[in-house]
Amino acid sequence: MRDRRKKLSLRKGYPLFKSMCGRWRSKALKRRGWRPLKSLLFCLPLCAALGVAAQSDWRTKLDGPVRFYQMTDWDVIVAATERSLYAIDAQTGETLWRRRARNLDERDVAPVPGTDLILLSYAEKDRARMEALDLLSGEAVWRSERLRGQVMQMAVDLNQRLLAVTVVRKTKERPREGFKQRPTVHLLDLQTGEERWRRELGSEIEMLPARWTENEETVYTLDNYRAPLFLDGRLYLFYDGVTAYDASTGKELLRERFRVNEEGLALTEADPVFDERLLYVSGRGRVRAISRTTGKVVWETKDLGTTPEIIVTDGVLFVRTGGTFARVRDGAAIARGPYGVSAIDKETGRTLWQYKGADRGITNIVLSDPATVVVADRDDLIALDAATGKRLAKVPHGIEDAAFALLNERGHVLVGGKNEIAAFDPRSGQAIWRARYTPPGRGLLRTVAAIAARAVSFYFRYGALFSFAYRGAQFARAASALRWSGLHARADLTDLTSLVTDAARERASSRLALFGRAANLRGGGSRTIFERAGDADLQDRLLDRLDPTRQFDRLANFLRRRERLVALRVGWIYFYTQMRERGLVGVNINTGRAERFVVMSKVDPRFIVNEADGSIIIADDDKLIAKSYALL
Numbered sequence: 001m002r003d004r005r006k007k008l009s010l011r012k013g014y015p016l017f018k019s020m021c022g023r024w025r026s027k028a029l030k031r032r033g034w035r036p037l038k039s040l041l042f043c044l045p046l047c048a049a050l051g052v053a054a055q056s057d058w059r060t061k062l063d064g065p066v067r068f069y070q071m072t073d074w075d076v077i078v079a080a081t082e083r084s085l086y087a088i089d090a091q092t093g094e095t096l097w098r099r100r101a102r103n104l105d106e107r108d109v110a111p112v113p114g115t116d117l118i119l120l121s122y123a124e125k126d127r128a129r130m131e132a133l134d135l136l137s138g139e140a141v142w143r144s145e146r147l148r149g150q151v152m153q154m155a156v157d158l159n160q161r162l163l164a165v166t167v168v169r170k171t172k173e174r175p176r177e178g179f180k181q182r183p184t185v186h187l188l189d190l191q192t193g194e195e196r197w198r199r200e201l202g203s204e205i206e207m208l209p210a211r212w213t214e215n216e217e218t219v220y221t222l223d224n225y226r227a228p229l230f231l232d233g234r235l236y237l238f239y240d241g242v243t244a245y246d247a248s249t250g251k252e253l254l255r256e257r258f259r260v261n262e263e264g265l266a267l268t269e270a271d272p273v274f275d276e277r278l279l280y281v282s283g284r285g286r287v288r289a290i291s292r293t294t295g296k297v298v299w300e301t302k303d304l305g306t307t308p309e310i311i312v313t314d315g316v317l318f319v320r321t322g323g324t325f326a327r328v329r330d331g332a333a334i335a336r337g338p339y340g341v342s343a344i345d346k347e348t349g350r351t352l353w354q355y356k357g358a359d360r361g362i363t364n365i366v367l368s369d370p371a372t373v374v375v376a377d378r379d380d381l382i383a384l385d386a387a388t389g390k391r392l393a394k395v396p397h398g399i400e401d402a403a404f405a406l407l408n409e410r411g412h413v414l415v416g417g418k419n420e421i422a423a424f425d426p427r428s429g430q431a432i433w434r435a436r437y438t439p440p441g442r443g444l445l446r447t448v449a450a451i452a453a454r455a456v457s458f459y460f461r462y463g464a465l466f467s468f469a470y471r472g473a474q475f476a477r478a479a480s481a482l483r484w485s486g487l488h489a490r491a492d493l494t495d496l497t498s499l500v501t502d503a504a505r506e507r508a509s510s511r512l513a514l515f516g517r518a519a520n521l522r523g524g525g526s527r528t529i530f531e532r533a534g535d536a537d538l539q540d541r542l543l544d545r546l547d548p549t550r551q552f553d554r555l556a557n558f559l560r561r562r563e564r565l566v567a568l569r570v571g572w573i574y575f576y577t578q579m580r581e582r583g584l585v586g587v588n589i590n591t592g593r594a595e596r597f598v599v600m601s602k603v604d605p606r607f608i609v610n611e612a613d614g615s616i617i618i619a620d621d622d623k624l625i626a627k628s629y630a631l632l
């Protein structure tokens, strides 16, 4: 009977360690001679055997309600209250530093990709400035009063030490249709903050609300546009078409104007990709190839329809047409066709074949092998011959609102939505396994949907690279490595198709330039004492309480953790559901088995899945809380 209950508990997904420890404690209390210490000694090895990372649990109190918090590539959380900005060690919950800064919004703080810097925007009455802070010490590396506004997007050129920042002023208003502003792009010396040149867009462009609230002001963003890109000494912008500038002088080299965000939908144009010779962009239904040598348009396709995704392989571009997009005015996920896949000759731009048989929706493209292209529409999983476009297989997938397709380590194609996922053999179409976890029924439907989508989307950041495309396409996706946009930090975007297509940008880059205290680790790593900077706003700095040797060791530890995070590839995808309590269940993408669970009784749509430390992080009033996973 006892074994039967144990198995039943596992099937229901209740954490094993809690179930067993609870039953053992009840029996122990009935016996004479047992003490609480023995109970503890029993549970500790059990937790260790289950892989429970108790040290990941922590609770940190801030000086007021948490306004926002975000994870960085250094396993450090940046969080703000009404009065202060904090840097928190995500592994231990320790405060690394606190800086006095009032009424910051989430877009006032932005991590600079490939560095140890974050940008902080201040706006006080008629005065505004921007600072580049050392993430690990809180010190200002440089300041500038030329950059006024909130950081929307960034691109970094580590070779030339250049930083392109797109800023917009006056971004707060109640959500409405047609909110427009004129962005300014600043080209800066990454090390000193010196401005090389700036360009203001020729016209206003429509912006996307950070949150869709009815009666409250919100910050507007440029998350409905592709981030700038440095390539071959040029800076490319994608706000009102395609524009290229000489990165050294700011001279305009290319301008192709066309409407972006077709029909009021976000990210209807593909993220730029490139190979050794050409840069490929899309817009107005056409794919364009731009020479990396001359910066001129080499060829342009005919109108294919809405083209939100391009994958580059040897000799061929695979282009997805149609998909599901976030509507700018209210964030609703809208399907827009025609739906299909086109194959384009890389050298000439000639259309080799088109498949138009997808019906009522389409996911991202997956290349299961060099000869097979796989997509899913509303009802079916579809396999196409990569050479001819001929349909090889079409089988029902049974996934409600299918939004994405992936590959696992066993070569199975996974089709998923917000609350279920299934694995299929890409050649035969045979179903391998299926998992479904329904979100809790209570609460606001929009909030529950956003939490469910956010839970799934964390796999897109930490999952293995081959999950997105066959390895021949990975070189092209490197275009996203040193660019930043706030798209994946959003807590209310439910468009999973756009998130999975854009996922490569969120990966921590292995390339790194250090400008703060961690730079002492390079070039022999002298263990100098880090003196307090003359900055009255910087308080509670951890490094001030450590001796020089421990300072050095602490910084080296963060560098090792960043390297581990870059290499991290996880095998679980998460679903928000109700077991005995609300929480996230982690499903193994290779087996379909539920293997992890963490309670999330507090509904916080901004939560962070911290795979590096095996926990989730949520905010509860004035506290940040980390809860570790239990294995099922």
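Position 525 (the sequence shown) corresponds to 525 in UniProt numbering; numbering is contiguous. All C-beta atoms, glycine included, are put in the ideal place defined by N, C-alpha and C.
Glutamine 91 carries a coil assignment under DSSP once its states are collapsed to helix, strand and coil.
Leucine 559: member of the alpha helix (DSSP H) spanning 548–567, first to last residue. Per the C-alpha coordinates, the member of Leu512, Tyr86, Asp73 and Thr268 positioned closest to arginine 67 is Tyr86. Per DSSP, reduced to three states, the secondary structure at asparagine 588 is strand. By DSSP's assignment, isoleucine 334 forms a beta bridge with Phe325. Rounded to the nearest whole angstrom, the CA to CA distance from leucine 559 to alanine 80 is 24 Å. The three-state reading of DSSP puts isoleucine 362 in coil, since its state is none of H, G, I, E or B. Rounded to the nearest angstrom, the Cβ distance from leucine 482 to valine 156 is 4 Å, consistent with a contact under 8 Å. For methionine 154, the beta-bridge partners assigned by DSSP are Val165 and Trp484.
The alpha-carbon separation between leucine 136 and lysine 356 amounts to approximately 51 Å. Here the alpha carbon of aspartate 621 sits roughly 46 Å from the alpha carbon of glycine 340. In the three-state scheme derived from DSSP, where H, G and I count as helix and E and B as strand, glutamate 195 is classed as strand. Just measuring C-alpha positions, the residue of Val167, Asp271, Ser144 and Leu304 sitting nearest arginine 107 is Val167.
Pairwise C-beta distances place the segment 342–362 out of contact with the segment 419–435, as fewer than three of them are shorter than 8 Å. The C-alpha of leucine 158 lies about 21 Å from the C-alpha of lysine 251. Residue nearest to glycine 64 within the set Asp377, Leu104 and Glu263 is Leu104 (criterion: CA-CA distance).
At a Cβ-Cβ threshold of 8 Å, leucine 381 and valine 395 count as neighbours. Contact between glutamate 206 and arginine 174 does not hold, since their C-beta atoms are separated by about 15 Å, which reaches or exceeds 8 Å. Runs of the alpha helix (DSSP H) spanning 4 or more residues and lying entirely within the UniProt domain "Pyrrolo-quinoline quinone repeat" (341–465) occur at 445–462, in chain order. Burial check for glycine 315: the Cβ neighbour count within 10 Å stays below 16, so the residue is exposed.
Ranked by Cα distance from glycine 323, the options Arg545, Leu265 and Gly411 are led by Leu265.
Our two residues, aspartate 89 and glycine 411, have alpha carbons roughly 37 Å apart in a direct line. By the 16-neighbour rule on beta-carbons within 10 angstroms, proline 183 is buried.
Around the C-beta of arginine 259, fewer than 16 other C-beta atoms lie within 10 Å, and the residue is accordingly described as exposed. The C-alpha of arginine 545 lies about 28 Å from the C-alpha of serine 628. Of the residues assessed, arginine 336 falls on the buried side of the cut-off, its CB having 16 or more other CB atoms within 10 angstroms.
If you look at aspartate 75, you'll find it isn't in any beta strand (DSSP E); DSSP assigns it neither H nor E. Scanning Val165, Thr60 and Gln91 for the CA closest to the CA of proline 111 turns up Val165.
Beta-bridge pairing by DSSP links phenylalanine 318 to Ile311 and Ala343. Take the alpha-carbon of arginine 284 and the one of threonine 301: they are about 11 Å apart. In this structure, phenylalanine 274 lies near arginine 292, with their beta-carbon atoms less than 8 Å apart.
According to the DSSP secondary-structure assignment, valine 287 is paired through a beta bridge with Ser282. The Cβ atoms of glycine 586 and tyrosine 574 lie closer than 8 Å to each other. Under the DSSP assignment, tryptophan 212 falls outside any beta strand (DSSP E); it carries neither an H nor an E label.
Put simply, the backbone Cα of serine 203 is about 14 Å away from that of valine 242.
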